[in-house]
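Here the structure is laid out as structure tokens; the discussion comes afterwards.
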Amino acid sequence: MASFFSSFFKGESSVLGVDIGSSSIKVVQLKKKHGRAVLETYGELALGPYANIEVGRAVGLPNDQLIMALKDVLRESKTTTKSCGATLPMSASLITFLTIPPVPEKQIGDVVSIEARKYIPVPLNEVLLDYSLIPKEEAYVTDDENSKVEKKGHDVLVVAIHNEYITRYQEIMAGSALEPSFYEIEVFSSIRAVVEQGMNTVMIIDMGARSTKLYIVERGMLRASHIINKGSQDITLTLSKALSISVSQAETMKRVYGLKGGPEYKELTEIITVNLDYTFYEANATLLNYQKKFGKNVNKVILTGGGVLLKGFTDLAKISFQMDVSYADPFGKLETPAFLAEEFAQAGPEFAVAIGVALRKLSEIK
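Heads up: the sequence shown runs through residues 0 to 365, numbered per numbering that gives the first Met the number 0.
Okay, here's the thing in structure tokens:
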């Protein structure tokens with residue numbers, strides 16, 4: 000939690016980014032000053048205690064308890080605005096990629112709706128459907144006779160969100176006295192926060208408590224995604240069972256030692272490594288599928304989410320992926336107090352989603 004400098008900022012142009020995760024809620028308040036995004040305050044609150052379980056565990060709280068938790072983190076962070084944007088989890092959405100025939104621009108929406116029915120397992124009137132055209136890298140391709148021909152059709156990114164999720168989040172925001180102008184799937188917030196303009200193709204690994212999300216991003220556009228139904232809490236639960244210790248003790252050992260416990264913690268290191276090996280195997284398979292489909296390489300892996308802060312995570316990831324691996328630095332896109340630079344660097348991976356959605360909200364201010 001960091002909120003002591005929030006009292007210096009009281010401007011009406013302040014905005015909030017709200018990220019309700021599986022194990023914690025994170026909020027970030029920004030304002031615009033001389034064209035720069037300025038950090039006013041930020042905070043995080045674990046949800047486990049609201050369900051009488053350990054910090055770090057994923058929980059499924061009812062709306063009234065989520066409202067209570069959100070109010071608590073807003074109060075403790077000393078936020079000063081109700082104006083916000085909020086994220087929805089990947090689990091609330093279906094993301095797919097389509098190639099549709101060449102049609103006039105005004106007809107694209109109708110064609111997408113027709114094609115999307117083939118991939119969305121519920122009636123379209125039960126979901127909010129949105130799409131984005133993927134920019135063509137080349138206007139021409141080579142045919143079988145090695146001649147240039149015009150590239151036909153449109154590549155489209157399609158997102159469907161079930162109406163029930165939207166209604167639920169609207170109730171949570173209203174119950175917390177917040178006024179969101181939009182809801183955004185967390186992947187797009189992450190991309191905005193951690194991918195720089197002009198950056199080559201990258202993979203984002205976002206390890207939360209319940210699951211790990213993989214995103215491949217090309218020129219700022221999502222091109223592939225995959226969810227692994229294992230997260231940081233699975234490491235804790237495996238440690239607890241294998242070492243015959245409490246979940247709380249296992250969580251503490253994981254956070255304190257990680258993969259850097261030394262010879263006396265050999266079993267701890269082995270258990271964590273086995274868990275991460277599965278995640279890295281799935282990530283490498285996603286990379287391979289992308290490379291086969293598009294004939295392009297991924298040049299960098301960016302780590303986000305609280306789970307990646309495990310000591311030794313980056314070292315093991317570099318061995319597995321054989322490429323540049325680094326932590327996300329979303330606070331680097333903000334103007335922040337210099338004397339807190341180290342704290343922001345450590346907190347960055349956990350706050351990528353909240354910062355990303357706050358940046359979008361801030362862009363609404365002219």
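Don't be surprised by glycine CBs; every beta carbon is placed ideally from N, CA and C.
Worksheet item: Whose C-alpha, out of Lys332, Ala192, Thr235, is nearest the C-alpha of Met220?
Response: Residue 220 sits at position 221 when you count from the first residue of the sequence shown. Nearest option by C-alpha distance: Ala192.
Worksheet entry | For Tyr256, the three-state DSSP class (helix, strand or coil) | The residue labelled residue 256 in the question sits at position 257 within the sequence shown. Here Tyr256 sits in helix by DSSP.
Worksheet item: Ser23: which of Glu349, Thr303, Asn162 sits nearest, CA to CA?
Response: Indexing the sequence shown from 1 puts residue 23 at position 24. Nearest to Ser23 by C-alpha distance, out of Glu349, Thr303, Asn162, is Glu349.
Item to complete: Reducing DSSP to helix, strand and coil, say where Tyr118 ends up.
Response: Working through the sequence shown from its first residue, we reach residue 118 at position 119. In the three-state reduction of the DSSP assignment, Tyr118 falls in the coil class, being assigned neither a helical nor a strand state.
Worksheet entry | Of the residues Phe312, Phe293, Lys295, the one placed nearest Ile301, counting alpha carbons only | Stepping through the sequence shown from its first residue, residue 301 is reached at position 302. Distances from the alpha-carbon of Ile301 to those of Phe312, Phe293, Lys295 put Phe312 closest.
Worksheet item: Over what stretch of residues does the beta strand (DSSP E) that includes Thr181 continue unbroken?
Response: The residue given as residue 181 occupies position 182 in the sequence shown. The sequence given here places Phe at residue 181; Thr does not occur at that position. Run containing Phe181: 178-184, per the beta strand (DSSP E) assignment.
Worksheet item: Three-state secondary structure (DSSP) at Gln321?
Response: Your numbering for residue 321 matches position 322 in the sequence shown. Secondary structure of Gln321 (DSSP, three-state): coil.
Practice prompt. Determine the direct distance from the alpha carbon of Asp328 to that of Glu342, and round the result to whole angstroms.
Written response: To locate residue 342, count along the sequence shown from 1; it is residue 343. To locate residue 328, count along the sequence shown from 1; it is residue 329. Using only the alpha carbons, I get a separation of about 11 Å.
Worksheet entry | Beta-bridge partners of Lys299, as assigned by DSSP | By 1-based counting over the sequence shown, the position of residue 299 is 300. As computed with DSSP, Lys299 is found in a beta bridge with Val201, Asp323.
Worksheet entry | Closest Cα partner of Asn199 within the set Val216, Asn51, Asp233 | Along the sequence shown, one-based indexing puts residue 199 at 200. Relative to Asn199, the option among Val216, Asn51, Asp233 whose CA is nearest is Val216.
Item to complete: Output yes or no for whether 8 Å exceeds the beta carbon distance between Ile160 and Ala223.
Response: For the purposes of this step, residue 160 is taken as residue 161 along the sequence shown, with counting starting at 1. For the purposes of this step, residue 223 is taken as residue 224 along the sequence shown, with counting starting at 1. No Cβ-Cβ contact shorter than 8 Å links Ile160 with Ala223.
Item to complete: Answer with buried or exposed for Glu104, where buried requires no fewer than 16 other C-beta atoms within 10 angstroms of its C-beta.
Response: Taking the first residue of the sequence shown as 1, we reach residue 104 at position 105. The residue in question, Glu104, is exposed, as its Cβ has fewer than 16 Cβ neighbours within 10 Å.
Discussion item. Do Leu258 and Leu368 count as a contact pair if the criterion is CB distance below 8 Å?
Written reply: Only positions 0 to 365 of the chain appear in the structure, and residue 368 is not among them; the question remains open.
Practice prompt. Give the range of the beta strand (DSSP E) segment to which Leu221 is assigned.
Written response: Taking the first residue of the sequence shown as position 1, residue 221 is located at position 222. It spans 220-227 - the beta strand (DSSP E) in which Leu221 sits, taken as one unbroken run.
Fill in: Local Cβ density within 10 Å of Met67, reported as buried at 16 or more and exposed below that
The residue given as residue 67 occupies position 68 in the sequence shown. With fewer than 16 Cβ atoms within 10 Å of its Cβ, Met67 is classed as exposed.
Worksheet item: Between the region 26-42 and the region 75-92, do three or more beta carbon pairs fall short of 8 Å?
Response: Touching, yes, given that three or more Cβ pairs across the two stretches are closer than 8 Å.
Worksheet item: Among residues of its own chain, excluding the 5 on either side of Glu363, which ones have a beta-carbon nearer than 7 Å to its beta-carbon?
Response: Counted from its first residue, the sequence shown places residue 363 at position 364. Answer for Glu363: Ser180, listed in chain order.
Fill in: Rounded C-alpha distance that separates Thr285 from Asp276
Working through the sequence shown from its first residue, we reach residue 285 at position 286. Working through the sequence shown from its first residue, we reach residue 276 at position 277. Distance between Thr285 and Asp276, taken at the CA atoms: about 14 Å.
Discussion item. Measuring alpha carbon to alpha carbon, tell me which residue in Glu163, Val324, Phe187, Leu132 is nearest Phe96.
Written reply: On the sequence shown, position 97 is the one that residue 96 refers to. Checked all of Glu163, Val324, Phe187, Leu132; the closest Cα to Phe96 is Leu132.
Worksheet entry | Cβ-based neighbour list, Ile226, same chain, cut-off 7 Å, excluding 5 preceding and 5 following | The residue labelled residue 226 in the question sits at position 227 within the sequence shown. Within the same chain, Ile226 has close Cβ partners Met89, Ser210, Lys212.
Worksheet entry | Close-in-space but distant-in-sequence residues of the same chain around Asn274 (CB under 8 Å, 5 per side omitted) | As a first step, residue 274 is located in the sequence shown; it is residue number 275 there, counting from the start. So the qualifying residues of the chain are Lys229, Asp233, Ile234, Thr237.
Worksheet entry | CA-to-CA distance, Lys70 to Leu177, given in whole angstroms | Sequence index remark: in the sequence shown, residue 177 carries index 178 (1-based). Sequence index remark: in the sequence shown, residue 70 carries index 71 (1-based). Straight-line spacing of the CA atoms in Leu177 and Lys70 works out to 10 Å.
Worksheet item: From Pro48, Gln169, Lys310, Pro100, pick the residue whose C-alpha is nearest to that of Arg254; which is it?
Response: For the purposes of this step, residue 254 is taken as residue 255 along the sequence shown, with counting starting at 1. Ranked by Cα distance from Arg254, the first of Pro48, Gln169, Lys310, Pro100 is Lys310.
Worksheet item: When you compare each of Ala249, Ser21, Ile270 to Gly304 by their alpha carbons, which one comes out closest?
Response: For this step, residue 304 is matched to residue 305 along the sequence shown. Of the listed residues, the one whose Cα sits closest to Gly304 is Ser21.
Item to complete: Give the single residue among Leu93, Val356, Ser188, Val121 whose Cα lies nearest to the Cα of Asp129.
Response: Reading the sequence shown from its first residue, position 130 is the one you call residue 129. Closest in alpha carbon position to Asp129, among Leu93, Val356, Ser188, Val121, is Leu93.
Worksheet item: By how many angstroms is the C-alpha of Ile19 removed from the C-alpha of Val155?
Response: Residue numbering aside, residue 155 sits at position 156 when the sequence shown is read from its first letter. Residue numbering aside, residue 19 sits at position 20 when the sequence shown is read from its first letter. Between Val155 and Ile19, the C-alpha separation is close to 28 Å.
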